[in-house]
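Protein chains in written order, with this note's numbering: chain A, 29 to 314; chain B, 480 to 885.
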Amino acid sequence: MTFLIASQLLNGLATGMLYALVGVGLTLVLGMLNIPNFAHGGLYAFGAYFTYTIVNLTGSFYLAVLIGPLLVILVAFVIESQGVRRLYAAHHDYQLLFLFAMALILQEAIILIWGPVGFSVLTPKALSGVVNLGFTVYPAYRLALIGMTVLITVALWLFLTRTNIGAIVRAGMENREMVAVLGTDINRVFMWTFALGAYLAGLAGGLATPIMGLTPSMGADMLPISFVIVVIAGLGSILGAIASGILIGIAQSMTTIWWPEASNIAIYVLMGLTIILRPQGLFGTR
Amino acid sequence: MKRVSLAMKGMAVAATLALSATAMSAFAADDEVVLLGIWPFSGPYADVGPLLDNGAQVALEQVGYKAGGKTIKYITRDSETKAGTATRRAQEAIDGEGVKFMVGPWSSGVGLAVSDVAQKNKVMYAFSGGTEDLSGKRCHRYTFQWAAPAYTAVEANLRVFKKNHPDAKSIYLFIADYAFGWSLQKYAEMLAPKFGLTIAGVDRHPLGHREFSSYITKAVAANPDAIMMVNFGIDAVTALRQIYNFGFTPKKPVIMAWSSGTEELIQLDPEMRENLQVGTNYYWTIDNPENKAFVEAYRKKSGGIPPGYAPAAAYGMTQAILAGIQLANSAEPQKAIEALESYKGKTILGETSVDAKTHQINRPYFILKTKSKSEMKDEYDLATVIDESSVQQPPELNECKDIGGF
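Below is the structure:
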């Protein structure tokens, strides 16, 4: 049983780090722009599909994971400049409706461009196969994924805490009016924050392809999980998003040991408990 | 006073228009038979809905939308793979469109709910899915089951697996946690000892699950000789992809007990398809003239992609309804049902008949062996049919003891 628990903790960590990437992207946008980005799942899916296309064109998974998420930024620019920005001054409902519509449009666009049938992406040769960890055998790609997502989150953390742009983003998440008053072009900050959130979603989508594969509905599958992460983390808390992503991943995998049927429900139970016991979220202050 | 008068006139016009519409609808019902295809155009099986719709249309086009001297008016509704939505929309179509015949949807749980609507409204209904209850304990005169019985599917899968892996001792089960999965799990546990197999473990997962690593870790720890999956669609494809990532397959075999065939296999890389045994209700290379005609017509609609289980099931269900109407030479559901109960003939599946006592359509179940990349002639040449089983469920195991009257 100890081996099984250790294996499931590892599973939870691998899945949770992926969730954390998606969750951080969403929390950045929510914290800064104060809008729940329903198109976030669609951007995650576009990241995966761009990655798949580039793998097919070049044969290189690494190149695809580098370029694919950057292309998602282009999609994000269009959504932000042509829609979200025009609605900053409008009632909250219009933003919600627009982003909800975008989620549907992105999913349908995937069907139109790539078709309704899903695809698979093989793990790169160097990361294929399994590693014997003593207590279990574990896919090399999943171990590498844990390492990659740790590196990405550390890099993101350094960017947000050690650079001027990061300081502006964090300040904007705390009080965007104050940032605007201090002479910063707040619209530009909004645009780049939206792009950064989209990049993280696209990167998670690209990295997930060898594990999850690709289907047009993959964004819709991921969206509820990313919102649960934000609720548990607390509004605008990046550290919280990382922690709650991992927490959700581990909760799902540990539930599988004793009550596999409830593994999907477990995360919503966690969310419900958080709302009841700590409405501002585990790491939130507002 | 004038305003009241105008309002009254408006109401009168509206009432007249409504009456005219009702009269026209009744007139249309005299000349046409309304067939409802209730398919999942959104929800967990949204990708399958258009395929089902295409399959049904091919069956109708082949008879020129006519049966029993009547014109068939085919309408569709979105089931969303939700029992509440599907039953409400089916009821609305029966009340508003005069539906007398129904086919669909694409989930056993939803199908069972729609079957109740069919019985209540005296509508002839055909379904295809893994639940044994439709032609079992919840059988009634208005519903027919096109898919093979769960017993037939499990027996074929285990028998062929044991024949090809005589040293195998145990299997581990991944079960989709709804009516379809439960039916097949019951027979897997019942029949495994008959083939010298033990069940090393069983995990049920929710419908729409996308992360199977936790289940795979448990299965690997139990060290079975094979994993048998009783799930479907994206769930099955995702699980298999992750089983491959964990290195379980191709070293050890995986049994996809109830696969859609083409639609699932095409999503997997050839390397992931190695050492797979695939059980399915249909595969497009079934060698008979009826199937060849269907495949040719379907491929014209689908841009060359051959049909999998979903379009074939929609085609088969629609064809069964049309056969009932044609044989009865009547658009009355009860007469069509009585006619279909004695049906025996050749369909895309080969020799097919109807069990009048249970409304189970007696038909074969197919076991496939997947092809390696070098064996494939083209991108759709995914597998070979290695077994065709017509072992039917023993009558004593069927809980449909009295199908009842109209």
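Glycine included, each C-beta is placed from N, C-alpha and C at the ideal position. For clarity, every value in this text was computed on a predicted model and none was experimentally measured.
Quiz item: So, is A/HIS119 buried or exposed, given that buried needs 16 or more other C-beta atoms within 10 angstroms?
Solution: Against the first sequence, residue 119 of chain A aligns to sequence position 91. Under this definition A/HIS119 is an exposed residue.
Practice problem: Please list the residues of the stretch 743 to 754 of chain B that have a C-beta atom closer than 8 Å to any C-beta atom in chain A, keeping them in chain order. | Solution: The residues in question are ILE745, GLN746, LEU747, ASP748, GLU750 and MET751.
Practice problem: Scan the stretch 607 to 659 of chain B and note each continuous beta strand (DSSP E) run of 3 residues or more that stays entirely inside, going in chain order. | Solution: For the stretch 607 to 659 of chain B, the continuous beta strand (DSSP E) assignments of 3+ residues that do not extend past its boundaries occur at 622 to 624 and 649 to 655, in sequence order.
Quiz item: Can you find a C-beta in chain B that's less than 8 Å from the C-beta of A/MET176?
Solution: Here the question's residue 176 of chain A lines up with position 148 in the first sequence. Against chain B, the CB of A/MET176 has no partner CB under 8 Å away; the residue lies outside that interface.
Quiz item: Going along chain A in order, which residues have a C-beta closer than 7 Å to the C-beta of B/GLU690?
Solution: Mapped onto the second sequence, residue 690 of chain B falls at position 211. Those are THR43 and GLN280, listed as they occur along chain A.
Quiz item: Just checking, does the stretch 642 to 649 of chain B make contact with the stretch 616 to 625 of chain B on the three C-beta pairs under 8 Å criterion?
Solution: The answer is no - the stretch 616 to 625 of chain B does not touch the stretch 642 to 649 of chain B, with fewer than three Cβ pairs under 8 Å.
Self-check item: Contact set between A/ASN160 and chain B, taken where Cβ atoms lie within less than 8 Å
Solution: Residue numbering aside, residue 160 of chain A sits at position 132 when the first sequence is read from its first letter. Within 8 Å Cβ-Cβ: nothing; A/ASN160 doesn't reach chain B, min ~10 Å.
Exercise. Let me know the alpha helix (DSSP H) ranges lying completely inside the stretch 678 to 756 of chain B, each 4 residues or longer, listed in chain order.
Key: Taken in chain order, the unbroken stretches of alpha helix (DSSP H) that lie wholly in the stretch 678 to 756 of chain B and span 4 residues or more are 692 to 701, 712 to 724 and 741 to 744.
Quiz item: Any Cβ of chain B within less than 8 Å of the Cβ of A/ASN39?
Solution: Within the first sequence, numbered from 1, the residue matching residue 39 of chain A stands at position 11. With a threshold of 8 Å between beta carbons, A/ASN39 makes contact with chain B.
Exercise. Starting from the Cα of A/VAL52, find the closest Cα among A/VAL159, A/GLN308 and A/THR177 and give me that residue.
Key: Taking the first residue of the first sequence as position 1, residue 52 of chain A is located at position 24. Nearest in C-alpha terms to A/VAL52, of all of A/VAL159, A/GLN308 and A/THR177, is A/THR177.
Quiz item: Taking buried to mean at least 16 other C-beta atoms within 10 Å of its own C-beta, is B/PRO703 buried or exposed?
Solution: Translated into the one-based positions of the second sequence, residue 703 of chain B becomes position 224. Classification for B/PRO703: buried.
Self-check item: Cβ-based contacts, 8 Å cut-off: residues of the stretch 692 to 714 of chain B near chain A
Solution: Taking 8 Å as the Cβ-Cβ cut-off against chain A, the residues of the stretch 692 to 714 of chain B that qualify are SER692, SER693, TYR694, THR696, LYS697, VAL699, ALA700 and ILE713.
Exercise. State the Cα-Cα distance for the pair A/SER291 and B/GLN541, rounded to the nearest angstrom.
Key: Translated into positions along the first sequence, residue 291 of chain A becomes position 263. Translated into positions along the second sequence, residue 541 of chain B becomes position 62. For A/SER291 and B/GLN541, the distance between alpha carbons rounds to 46 Å.
Exercise. Taking C-beta pairs closer than 9 Å, name the residues in chain B that A/MET240 reaches, listed in chain order.
Key: Position 212 of the first sequence, counted from the start, is the residue given in the question as residue 240 of chain A. Against A/MET240, the close residues of chain B are ARG689, GLU690, THR717, ARG720 and GLN721, in the order they occur along the chain (beta-carbon pairs closer than 9 Å).
Quiz prompt | Local conformation of B/GLU867 per DSSP, three classes | solution = What you label residue 867 of chain B is simply residue 388 of the second sequence in a count that begins at 1. Of the three classes helix, strand and coil, the one that applies to B/GLU867 here is strand, per DSSP.
Exercise. Count the C-beta pairs between the stretch 587 to 600 of chain B and the stretch 538 to 554 of chain B that are closer than 8 Å, then say yes if the count reaches three, no if not.
Key: A contact is defined here as three or more CB-CB pairs under 8 Å, and the stretch 587 to 600 of chain B fails this definition with respect to the stretch 538 to 554 of chain B.
Exercise. Measuring only between beta-carbons, confirm whether A/VAL84 sits less than 8 Å from chain B.
Key: Here residue 84 of chain A refers to the residue found at position 56 when the first sequence is read from its first residue. Before going on, a small fix: residue 84 of chain A reads as Asn here, not Val. No, A/ASN84 does not count as interfacial toward chain B.
Quiz item: Would you report the Cα separation of B/LYS697 and B/ALA835, rounded to the nearest angstrom?
Solution: As a working note, residue 697 of chain B is residue 218 in the second sequence. As a working note, residue 835 of chain B is residue 356 in the second sequence. Roughly 44 Å between the two C-alpha positions.
Quiz prompt | Where B/THR526 meets chain A, residues with beta-carbon distance less than 9 Å | solution = The residue given as residue 526 of chain B occupies position 47 in the second sequence. The residue asked about is misnamed: residue 526 of chain B is Asp in this sequence, not Thr. Close partners of B/ASP526 in chain A (Cβ separation under 9 Å): ILE139, PRO144, VAL145, GLY146, THR243, PRO244 and SER245.
Quiz item: Considering only the beta carbon of each residue, do B/PRO786 and B/GLY534 sit closer than 8 Å?
Solution: The count along the second sequence starts at 1 and reaches residue 786 of chain B at position 307. The count along the second sequence starts at 1 and reaches residue 534 of chain B at position 55. Less than 8 Å divides the Cβ of B/PRO786 from the Cβ of B/GLY534.
Self-check item: Test item: CB-CB of B/LEU652 and B/VAL699 under 8 Å
Solution: Here residue 652 of chain B corresponds to residue number 173 of the second sequence, with the count starting at 1. Here residue 699 of chain B corresponds to residue number 220 of the second sequence, with the count starting at 1. No, Cβ-Cβ distance for B/LEU652 and B/VAL699 is not below 8 Å.
Exercise. Return helix, strand or coil for B/GLN541, following the three-state DSSP convention.
Key: Here residue 541 of chain B corresponds to residue number 62 of the second sequence, with the count starting at 1. It is helical.
Quiz item: Does the distance from the C-beta atom of B/SER521 to that of B/GLU559 stay below 8 Å?
Solution: For the purposes of this step, residue 521 of chain B is taken as the residue at position 42 of the second sequence. For the purposes of this step, residue 559 of chain B is taken as the residue at position 80 of the second sequence. Yes, the pair counts as a contact, with Cβ atoms nearer than the cut-off.
Exercise. Note the first and the last residue of the continuous alpha helix (DSSP H) segment covering A/PRO238.
Key: Position 210 of the first sequence, counted from the first residue, corresponds to residue 238 of chain A. From DSSP, the alpha helix (DSSP H) with A/PRO238 extends over 214 to 240.
Quiz item: Taking the alpha carbon of B/TYR777 as the point to measure from, which residue in B/ALA565, B/ALA791 and B/PRO768 has its own alpha carbon closest?
Solution: Looking up residue 777 of chain B in the second sequence gives position 298. Of the listed residues, the one whose Cα sits closest to B/TYR777 is B/ALA791.
Exercise. Could you say which of A/TYR80, A/LEU140, A/LEU32 and A/ILE33 lies nearest to A/GLY230 if we only look at CA atoms?
Key: Within the first sequence, residue 230 of chain A is the residue found at index 202, counting from 1. Between A/GLY230 and the set A/TYR80, A/LEU140, A/LEU32 and A/ILE33, the nearest pair of CA atoms involves A/TYR80.
Self-check item: Within 8 Å, strictly: CB atoms of A/ALA168 and A/ALA67
Solution: The residue you call residue 168 of chain A lines up with position 140 of the first sequence. The residue you call residue 67 of chain A lines up with position 39 of the first sequence. Cβ distance not < 8 Å, so A/ALA168 and A/ALA67 don't count as in contact.
Practice problem: Could you name the residues that DSSP lists as bridge partners for A/PRO167? | Solution: Taking the first sequence and counting its residues from 1, the one referred to as residue 167 of chain A is at position 139. Paired residue(s): A/VAL158.
Quiz item: Are any of the Cβ atoms in chain B nearer than 8 Å to that of A/THR212?
Solution: Here residue 212 of chain A refers to the residue found at position 184 when the first sequence is read from its first residue. Not one chain B Cβ lies under 8 Å of A/THR212.
Quiz item: Residues in its own chain within less than 8 Å of B/MET503 by CB, not counting five upstream and five downstream?
Solution: For the purposes of this step, residue 503 of chain B is taken as residue 24 along the second sequence, with counting starting at 1. Bear in mind that a pLDDT of 44 at B/MET503, under 50, signals an unreliable position, so the number given afterwards is only what the model happens to contain. Taken in chain order, the list of residues that qualify is empty.
Quiz item: Under a three-way DSSP split, which group does B/LEU514 fall into?
Solution: For this step, residue 514 of chain B is matched to residue 35 along the second sequence. In the three-state reduction of the DSSP assignment, B/LEU514 falls in the strand class.
Practice problem: May I have the straight-line CA-CA distance separating B/SER868 from A/LEU184, to the nearest angstrom? | Solution: Position 389 of the second sequence, counting from 1, holds the residue named residue 868 of chain B. Position 156 of the first sequence, counting from 1, holds the residue named residue 184 of chain A. Taking the CA atoms as reference points, B/SER868 sits about 58 Å from A/LEU184.
Quiz prompt | Residues near B/LEU485 in its chain [Cβ-Cβ closer than 7 Å; skip 5 each side] | solution = In the second sequence, the residue the question calls residue 485 of chain B occupies position 6. In this prediction, B/LEU485 has a pLDDT of 44, which is less than 50 and means its spatial position is unreliable; nothing more can be read from the coordinates.
Quiz item: Which chain A residues are close to B/PRO786, counting only those with a beta carbon under 8 Å from its beta carbon?
Solution: Residue 786 of chain B sits at position 307 when you count from the first residue of the second sequence. For the C-beta of B/PRO786, not a single chain A residue is nearer than 8 Å; the gap to the nearest is close to 13 Å.
Self-check item: For A/PHE128, the first and last residue of its enclosing beta strand (DSSP E)
Solution: The count along the first sequence starts at 1 and reaches residue 128 of chain A at position 100. No beta strand (DSSP E) contains A/PHE128, which is instead part of the alpha helix (DSSP H) from 120 to 142.
Quiz item: What does A/LEU150 reach in chain B if we use C-beta pairs closer than 7 Å?
Solution: Against the first sequence, residue 150 of chain A aligns to sequence position 122. ASP748 and GLU750, listed in chain order.
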